[in-house]
Amino acid sequence: MSSILDKKENNVATITITVTAEDFSKALDAAYKKNRGKFNIDGFRKGKAPRRIIENRYGEGVFFEDALDEAFPSEYEKAIEEHNLKPVNMPAMTKLDSISKEEGATFTIEVELEPEFELGEYKGIEIYSTEYEATDKDVEDELERVREQNARLISVEDTEAKDGDTVIIDFDGYVGDEPFEGGKGENYPLVLGSNSFIPGFEDQLVGKKAGEETDVNVTFPEEYHAAELAGKDSVFKVKIHEVKAKELPELDDDFAADISEFDTLDEYKESLKKTIKEQRENNLKGAAINTIIEEVCKNTEIDIPKCMIDRKTEDVKAQFEQQIMQSGIDPKTYYEIMKQQNDGKNEADFDALFVEQAEHDVKQDLVLNKLMEVESFDVSDEEKEAEYENFAKAYNQKVEDFKKVLDEATENYIENFIKQRKLFDFLIENAKVKEEEKEEK
1 MSSILDKKEN NVATITITVT AEDFSKALDA AYKKNRGKFN IDGFRKGKAP RRIIENRYGE
61 GVFFEDALDE AFPSEYEKAI EEHNLKPVNM PAMTKLDSIS KEEGATFTIE VELEPEFELG
121 EYKGIEIYST EYEATDKDVE DELERVREQN ARLISVEDTE AKDGDTVIID FDGYVGDEPF
181 EGGKGENYPL VLGSNSFIPG FEDQLVGKKA GEETDVNVTF PEEYHAAELA GKDSVFKVKI
241 HEVKAKELPE LDDDFAADIS EFDTLDEYKE SLKKTIKEQR ENNLKGAAIN TIIEEVCKNT
301 EIDIPKCMID RKTEDVKAQF EQQIMQSGID PKTYYEIMKQ QNDGKNEADF DALFVEQAEH
361 DVKQDLVLNK LMEVESFDVS DEEKEAEYEN FAKAYNQKVE DFKKVLDEAT ENYIENFIKQ
421 RKLFDFLIEN AKVKEEEKEE K
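For the sequence shown, position 11 matches number 11 in UniProt numbering, and the numbering has no gaps at all.
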């Protein structure tokens, strides 16, 4: 095989590839074996006719096209490797220059390439500090959240329901005098103030007691997912069986021992302080990296091939519609609902947003990959081993067992994961920390 890079401009490479007579002969033989079952030749069982007999009957070039298909993948890969190209789509054969048993085959292909570009400035970009010291209030807030998680629901008699209480209710919904689908429930636990029901529903149960019955009058939102109910006035006949209030656990050593690995509340608080610090700093680092990458993207000009945008757009749209379907709504129905709202967005408008998001994501990926290439971080065996332990722990495995099933793809993923972490640390270290904006009193 030989190949010539004819030209390389506007992210497109034109390559002329020559398949030797010897390699083409092997491809012809493979094409014959794959396709001989398609031919009926008198005097031979189907699929048993020799190649020369089929070629005599149908012409010397009967297997040429299939032979090219056989030879193309390996010859293409060799050419790409030889010229150190990074294709971003499947190549297209634009010209068959020559083909014969004696001379082999020569053809020309075009392939779109990953764009070449110069990075914009990526050092000295302004960010807010990524350091954080957890305060006593942070710890107190977290303790309250944990207490809420571990609260017990206690049935209260002759007590008015308030926000935060859980009421056990039966309800029947009507539009006019007609009941509607999904408007009936029995022994339903509803947390007042959770906003899980139609706006205004929960507010009208505040102040009610167990054993009471009441009518709840509400209007379905205009954007309600069931189009036949959207904007309609309705009444729910509600019976309150029970009111349950939260009982929070006492903040003491027993509580700490019950919900953590620590014996005392003070030890648990100290652990919370460290955890809060780590979580907040991770969030701050994430925000800083987003700021830096967005700024580098603004400073970098890239002529992105259309095929990369198209492919990413399909992914963005598919992911969006998958999320819609997980909410129980058909995407077409969702687009219709959005069209009827004030903004009037139709599916075409959403498609334009998907393209915009795809352009952003592709450019960001290219910039990140270029940064990794330019800075060229090394990964030591010790760093890999440490990360193997982290991954094994995440999957509740022993590191030895994790490494036994470690394939090349996972190993490469972990190595790139470490490199990207090093890149992010590098970008933050080389950024310029600016003062926090203080609110005016």
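For every residue, glycine included, the Cβ atom is placed at its ideal position computed from N, Cα and C.
Could you tell me the alpha carbon to alpha carbon distance between residue i and residue j, rounded to whole angstroms?
i: Y128; j: K285; result: 9 Å
i: L272; j: V139; result: 6 Å
i: E294; j: D203; result: 43 Å
i: Q149; j: E81; result: 57 Å
i: E385; j: I292; result: 30 Å
i: D233; j: V146; result: 40 Å
i: K441; j: D141; result: Reliability of the predicted coordinates at K441 is poor, the pLDDT of 40 falling under 50, and no value is obtained from them.
i: T18; j: P331; result: 49 Å
i: L423; j: D378; result: 11 Å
i: I329; j: H225; result: 7 Å
i: E400; j: N290; result: 36 Å
i: E382; j: G164; result: 51 Å
i: G120; j: K298; result: 8 Å
i: A288; j: T130; result: 7 Å
i: E281; j: M1; result: 55 Å
i: K404; j: Y335; result: 48 Å
i: E389; j: Q397; result: 9 Å
Using only alpha-carbon positions, find the residue among the options that is nearest to residue i.
i: K34; options: I198, S194, D66, I15; result: D66
i: L192; options: E178, D177, G211, K162; result: K162
i: K370; options: K306, Y335, A30, V296; result: V296
i: A21; options: N84, N56, S98; result: S98
i: K312; options: E110, L366, M338; result: L366
i: K86; options: F201, V111, F63; result: V111
i: N89; options: K306, D361, E436, V405; result: K306
i: T300; options: Y122, Y268, Q397; result: Y122
i: R152; options: D177, E77, K246, I337; result: K246
i: K363; options: I414, I418, I302, D315; result: I302
i: Y268; options: N346, D136, Q326; result: D136
i: E375; options: K26, K345, Q420; result: Q420
i: D158; options: E144, G207, S196, F201; result: G207
Could you check how far apart the C-beta atoms of residue i and residue j are, in whole angstroms? I think they sit under 8 Å.
i: I276; j: A79; result: I276 to A79, Cβ: 56 Å. No contact.
i: K30; j: I41; result: A quick correction: the sequence has Ala, not Lys, at residue 30. Going by Cβ atoms, the distance from A30 to I41 rounds to 20 Å, so no, they are not a contact pair.
i: G231; j: E222; result: 5 Å
Over what stretch of residues does the beta strand (DSSP E) that includes residue i continue unbroken?
i: I17; result: 12 to 19
i: G286; result: Run containing G286: none in the beta strand (DSSP E); it sits in the alpha helix (DSSP H), 265 to 298.
i: T166; result: 166 to 175
i: F107; result: 104 to 112
i: K312; result: Premise fails: K312 lies in the alpha helix (DSSP H), 306 to 326, not in any beta strand (DSSP E).
Would you kindly report the start and end of the unbroken alpha helix (DSSP H) that includes residue i?
i: I198; result: First-last for I198: undefined, no H or E at that position.
i: H360; result: 347 to 375
i: S380; result: Where S380 is concerned, there is no enclosing alpha helix (DSSP H), given that its DSSP letter is neither H nor E.
i: N56; result: 51 to 58
i: M338; result: 331 to 340
The segment 424 to 432 touching the segment 119 to 126, judged by at least three CB pairs closer than 8 Å: yes
Stretch pair the segment 222 to 241 + the segment 176 to 192: three plus CB contacts closer than 8 Å: yes
Contact between the segment 110 to 124 and the segment 9 to 16 (3+ Cβ pairs under 8 Å): yes
Inter-stretch contact (C-beta, 8 Å, three-pair minimum) for the segment 59 to 77 and the segment 88 to 101: yes
Contact between the segment 162 to 173 and the segment 220 to 236 (3+ Cβ pairs under 8 Å): yes
Given 8 Å, three or more beta-carbon pairs between the segment 385 to 404 and the segment 253 to 266: no
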